[in-house]
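Peer 1: Here it is: the structure, laid out below.
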Amino acid sequence: MAKDTLTITDNRTGKQYEIPIEHGAIRAMDLRQIQVAAADFGLMTYDPAFTNTASCKSRITYIDGDNGILRYRGYPIEELAEKSDYLETAYLIVKGELPNRQHFDMWKRNITLHTMVHENVKKFMDGFRYDAHPMGMLVGTIGALSTFYPDAKNIFDLESRRVQTRRLIGKMPTIAAFAYRHSRGLPYVYPDNDLSYTGNFLSMLFKMTELVYKPNPVLERALDVLFVLHADHEQNCSTNAVRSVGSSQVDPYSAVAAAAAALYGPLHGGANEAVIHMLMEIGSIDNVPAAVKKFKAGEGRLMGFGHRVYKNYDPRAKIIKRIAEEVFEVTGKNPLIDIAVELERIALQDDYFVKRKLYPNVDFYSGIIYQAMGFPMTMFPVLFAIPRTSGWLAQWAEMVRDSEQKIARPRQLYVGEEIRHWAPVAQRPEPASREDAVTEQI
Ligand code: CMC
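Now the structure itself:
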């Protein structure tokens, strides 16, 4: 029978090593025994951006990128998007199983109890400039929460982890909505706990003078499904951030703030905004063939297409495309959708995109929906951060409980100067050459 091992021959020494394979991987530390001399450090792997390195074992999210499959705790994303809702999905992601009726009611009650924020959080948010980006406000305020809940530092205490999880999932929509209202110069709207998770969020965003805000049920459900689709996505940039920062045993507010900061970047939470800019620039269906030609020639990228993991249609994009139709029934059609559909049609028939397995990803249609619902583009990453909080917290707790995890501390390949000795200023190289060297560092 074939053995689950890998035999490596080191051509420098002629020695052979047999290394176990587990879950389709070898342990990087097993390579350390491969040395030329006893004093050697041993062999390392070099993997910038972790493109082929598993940093953890996880039971939360499964992705098969070649076949366009995404599952949370084993449940297909399509089933959850159709039959579940965000709070139930968050329970599933955080706790590992779907809740029974009693546990679900308790969970909803517990999250709802935590939608309020301390009045000083409100004052803290007031301190931001009138035109502050809502995502910058969100990142800063999540970090500030750690000062309100010093008990959060007890990360090995299960009850403490549970309370912080409820608090964060409960407060994210409130902080997000306050950030939006601040950027609009509008008074904050306090949570209405008679509404659903997304209904209350819409109320805190859009309530004006009416006594009770009644969310449109189609938009409330559409946003809820978008939240389900964004709840987790295994080891992406922000999840890696929450695990890496959390591995220092810092409190979860600080770790989640780091994750949100990672999500702020245009390559992660900002791609749907780039899609909107691209569609606006293309301007009409007639210009689509010329635009595709430009992308193929390497002049810019077709934003919302391609994915590091999916080499097939992103299953989330399919669902989002369907939701767009439902949303437009209420909001009126966002004219950008016609350009997007035509772009997709042409790209999916084009050899360039077919050969490279470039398909629409989650961001291709989500921005168009958010825009139709009245969200400014600066809110797009904020809308991503709210549901991803459950994923971040589940991944963080999994890391805290994992006895194989330690403080994250990658190695490097040092390629800098050999030892040099300090010299007085007058004896250092001429400014021109020094400047060259210094410029390279910035
Ligand atoms: N348009 C045109 N060509 C593309 C595109 C695109 N969107 N994406 C990849 N390519 C080409 C690329 O030029 C390269 O071609 P060649 O082999 O001839 O050099 C080939 O496809 C492979 O690309 P890559 O950059 O090596 O692939 P990657 O896995 O490093 O990048 C990506 C993945 C998502 C960064 C990239 O596809 C991209 O920039 N897409 C547009 C931005 C975007 O939509 N980002 C959102 C991603 S989903 C977010 C999430 O899940 O959180």
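The sequence shown begins at 6 in my numbering and counts up one residue at a time. The beta carbon of each residue, even a glycine, is placed where N, CA and C say it ideally should be.
Per DSSP, what kind of secondary structure is Ala428 in: helix, strand or coil?
Peer 2: Walking along the sequence shown from the start, residue 428 turns up at place 423. Here Ala428 sits in coil by DSSP.
Peer 1: In this structure, how does DSSP classify Lys113 when only helix, strand and coil are distinguished?
Peer 2: Here residue 113 refers to the residue found at position 108 when the sequence shown is read from its first residue. Helix, per DSSP.
Peer 1: Shortest alpha-carbon distance to Thr18 belongs to which of Pro429, Val41 and Val293?
Peer 2: Position 13 of the sequence shown, counting from 1, holds the residue named residue 18. Closest option to Thr18, Cα to Cα, is Val41.
Peer 1: Using beta-carbon positions only, say whether Ala227 and Ala246 come within less than 7 Å of one another.
Peer 2: As a position in the sequence shown, residue 227 is number 222, starting the count at 1. As a position in the sequence shown, residue 246 is number 241, starting the count at 1. Not closer than 7 Å, so no.
Peer 1: What do you reckon, are the CB atoms on Tyr262 and Gly101 nearer than 7 Å?
Peer 2: What you label residue 262 is simply residue 257 of the sequence shown in a count that begins at 1. What you label residue 101 is simply residue 96 of the sequence shown in a count that begins at 1. Looking at the sequence itself, residue 262 is Ala, so the reference to Tyr does not match. For Ala262 and Gly101, no; Cβs fall outside 7 Å.
Peer 1: Rounding to the nearest angstrom, what Cα-Cα distance links Met404 and Arg171 in this structure?
Peer 2: Indexing the sequence shown from 1 puts residue 404 at position 399. Indexing the sequence shown from 1 puts residue 171 at position 166. Roughly 18 Å separates the two Cα atoms.
Peer 1: What is the chain-ordered set of residues for which the beta carbon lies under 6 Å from any non-hydrogen atom of the ligand CMC?
Peer 2: Matched residues: His238, Asn241, His273, Ala276, Phe300, Arg306, Leu307, Met308, Gly309, Phe310, Gly311, His312, Arg313, Arg361, Leu363, Asn366, Val367 and Asp368.
Peer 1: Compute the beta-carbon to beta-carbon distance between Asp368 and Val280, rounded to the nearest angstrom, for a pair I have assumed lies under 8 Å.
Peer 2: For the purposes of this step, residue 368 is taken as residue 363 along the sequence shown, with counting starting at 1. For the purposes of this step, residue 280 is taken as residue 275 along the sequence shown, with counting starting at 1. Rounded, the Cβ-Cβ distance is 6 Å, consistent with contact.
Peer 1: Identify which residue in Ala399, Ile325 and His123 has its Cα closest to the Cα of Leu97.
Peer 2: Residue numbering aside, residue 97 sits at position 92 when the sequence shown is read from its first letter. Of the listed residues, the one whose Cα sits closest to Leu97 is Ala399.
Peer 1: Comparing C-alpha positions only, which one of Pro415, Tyr202 and Glu278 sits nearest to Tyr91?
Peer 2: Mapped onto the sequence shown, residue 91 falls at position 86. For the residues Pro415, Tyr202 and Glu278, the minimum Cα distance to Tyr91 belongs to Tyr202.
Peer 1: What residue range does the alpha helix (DSSP H) around Glu23 cover?
Peer 2: Reading the sequence shown from its first residue, position 18 is the one you call residue 23. No alpha helix (DSSP H) contains Glu23, which is instead part of the beta strand (DSSP E) from Lys20 to Pro25.
Peer 1: What separation, rounded to the nearest whole angstrom, lies between the Cα atoms of His282 and Met142?
Peer 2: As a first step, residue 282 must be located in the sequence shown, where it is residue number 277. As a first step, residue 142 must be located in the sequence shown, where it is residue number 137. Between His282 and Met142, the C-alpha separation is close to 23 Å.
Peer 1: Classify Pro220 as helix, strand or coil using the three-state DSSP reduction.
Peer 2: Counting from one through the sequence shown, the residue named residue 220 turns up at place 215. Three-state result, Pro220: coil.
Peer 1: For Arg310, write down the residues that DSSP places opposite it in a beta bridge.
Peer 2: Mapped onto the sequence shown, residue 310 falls at position 305. For the sequence presented, residue 310 should be read as Phe rather than Arg. Note: Phe310 sits in a beta bridge opposite Pro365.
Peer 1: Could you say which of Tyr195, Ala7, Asn366 and Leu224 lies nearest to Ala377 if we only look at CA atoms?
Peer 2: By 1-based counting over the sequence shown, the position of residue 377 is 372. That would be Leu224, whose Cα lies nearest to the Cα of Ala377.
Peer 1: Should Asp256 and Lys158 be called a contact, given that it needs their Cβ atoms to be closer than 7 Å?
Peer 2: For this step, residue 256 is matched to residue 251 along the sequence shown. For this step, residue 158 is matched to residue 153 along the sequence shown. Cβ distance < 7 Å, so Asp256 and Lys158 count as in contact.
Peer 1: In the DSSP output, what is Leu11 paired with across the bridge?
Peer 2: On the sequence shown, position 6 is the one that residue 11 refers to. According to DSSP, which records beta bridges pairwise, Leu11 is partnered with Ile24.
Peer 1: If distances are taken between C-alpha atoms only, which option among Val144, Val168 and Ala43 comes closest to Ser155?
Peer 2: In the sequence shown, residue 155 corresponds to position 150, counting from 1. According to the sequence as given, residue 155 is Pro; it is not Ser. Closest by alpha carbon: Val168.
Peer 1: Distance check for Glu286 and Met111, CA to CA, integer angstroms please.
Peer 2: In the sequence shown, counting from the first residue as 1, residue 111 sits at position 106. In the sequence shown, counting from the first residue as 1, residue 286 sits at position 281. Going by the C-alpha atoms only, they are around 48 Å apart.
Peer 1: Please determine, among Arg313, Glu239 and Arg425, the residue with the shortest C-alpha to C-alpha distance to Lys62.
Peer 2: Here residue 62 is taken as the residue at index 57 of the sequence shown, counted from 1. Nearest C-alpha to Lys62: Glu239.
Peer 1: To the nearest angstrom, report how far apart Gly204 and Glu87 are at their CA atoms.
Peer 2: Taking the first residue of the sequence shown as 1, we reach residue 204 at position 199. Taking the first residue of the sequence shown as 1, we reach residue 87 at position 82. If you take the alpha carbons of Gly204 and Glu87, they lie about 18 Å apart.
Peer 1: Among residues of its own chain, excluding the 5 on either side of Lys411, which ones have a beta-carbon nearer than 8 Å to its beta-carbon?
Peer 2: Along the sequence shown, read from residue 1 onward, the residue named residue 411 stands at position 406. Result list for Lys411: Ser252, in chain order.
Peer 1: Going by the CB atoms, is the gap between Ala95 and Ile391 shorter than 7 Å?
Peer 2: Taking the first residue of the sequence shown as 1, we reach residue 391 at position 386. Taking the first residue of the sequence shown as 1, we reach residue 95 at position 90. Not closer than 7 Å, so no.
Peer 1: Tell me whether Leu75 is buried or exposed, calling it buried when 16 or more other Cβ atoms sit within 10 Å of its Cβ.
Peer 2: Residue 75 sits at position 70 when you count from the first residue of the sequence shown. By the 10 Å Cβ count, Leu75 comes out buried.
Peer 1: Quick one: what does DSSP say Tyr154 is sitting in, helix, strand or coil?
Peer 2: The sequence position of residue 154 within the sequence shown is 149, counting from 1. Correct three-state label for Tyr154: coil.
Peer 1: Let me see if you follow: with CB-CB separation under 7 Å, is Thr179 close to chain D or not?
Peer 2: Here there is only one protein chain, and chain D is not present.
Peer 1: In whole angstroms, what is the alpha-carbon distance linking Tyr370 and Leu216?
Peer 2: Taking the sequence shown and counting its residues from 1, the one referred to as residue 370 is at position 365. Taking the sequence shown and counting its residues from 1, the one referred to as residue 216 is at position 211. When rounded, the distance between both Cα atoms is 34 Å.
Peer 1: Which parts of the segment 277-354 are runs of the alpha helix (DSSP H), unbroken and 4 residues or longer, counting only runs that do not cross its ends?
Peer 2: Within the segment 277-354, the complete alpha helix (DSSP H) runs of at least 4 residues are 293-301, 320-336 and 341-354.
Peer 1: Three or more beta-carbon pairs under 8 Å between the segment 229-236 and the segment 324-336, yes or no?
Peer 2: Taking 8 Å as the limit for Cβ pairs, the verdict is that the segment 324-336 does touch the segment 229-236.
Peer 1: Within the same chain, show all residues whose beta-carbon is closer than 7 Å to that of Pro386, passing over the 5 residues directly before and after it, in chain order.
Peer 2: As a first step, residue 386 must be located in the sequence shown, where it is residue number 381. Same-chain partners within the cutoff: Met140, Leu268, Tyr269, Gly274 and Gly275.
Peer 1: If you count every other CB in all the chains shown that lies within 10 Å of the CB of Glu423, and 16 or more means buried, which is it?
Peer 2: Taking the first residue of the sequence shown as 1, we reach residue 423 at position 418. Label assigned to Glu423: exposed.
Peer 1: Beta carbon of Gly132, beta carbon of Pro320: below 7 Å?
Peer 2: On the sequence shown, position 127 is the one that residue 132 refers to. On the sequence shown, position 315 is the one that residue 320 refers to. Cβ distance not < 7 Å, so Gly132 and Pro320 don't count as in contact.
Peer 1: If you follow the alpha helix (DSSP H) that Asp356 is in, where does it begin and where does it stop?
Peer 2: Residue numbering aside, residue 356 sits at position 351 when the sequence shown is read from its first letter. First-last of the alpha helix (DSSP H) with Asp356: Asp356 to Lys360.
Peer 1: Do Thr481 and Gln21 have their C-beta atoms within less than 7 Å of each other?
Peer 2: Since the displayed the chain opens at 6 and closes at 447, residue 481 lies outside it and no answer follows.
Peer 1: Short of 7 Å in beta carbon distance, which residues of its chain neighbour Ser89, apart from the five on each side in sequence? Order them along the chain.
Peer 2: In the sequence shown, the residue the question calls residue 89 occupies position 84. Val233.
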